[in-house]
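Undergrad: The numbering of the sequence shown is the working numbering, which starts it at 383 and goes up by one.
Yeah, the Cβ is synthetic: ideal placement off N, Cα and C, and Gly gets one too.
Got a structure for you, written out below as structure tokens; questions coming shortly.
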Amino acid sequence: TREWSELGDAGYSLDDKVEQVIGQLKDGTARVVFDITTESCNIVPVT
383 TREWSELGDA
393 GYSLDDKVEQ
403 VIGQLKDGTA
413 RVVFDITTES
423 CNIVPVT
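Next up, the structure:
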């Protein structure tokens, strides 16, 4: 996780941000993508 202050963070706590991302994953507006080259995962918006 990235806990440092970000632009536009609007004062959300880490727990709030985690809840938002889990909600986006559940409702299909975001997904987890694995990059085989870098062997890393990213959460990206569904377009």
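Measure the CB-CB distance between V400 and R413 and report whether it falls below 8 angstroms.
TA: No, these two residues do not count as a Cβ contact at 8 angstroms.
Undergrad: Could you please give me the residues that DSSP links to D417 through a beta bridge?
TA: Per DSSP, S422.
Undergrad: To the nearest angstrom, report how far apart V403 and Y394 are at their CA atoms.
TA: Taking the straight line from one Cα to the other gives about 12 angstroms.
Undergrad: Output the boundary residues of the alpha helix (DSSP H) element that contains V400.
TA: Start and end: L396 to D409.
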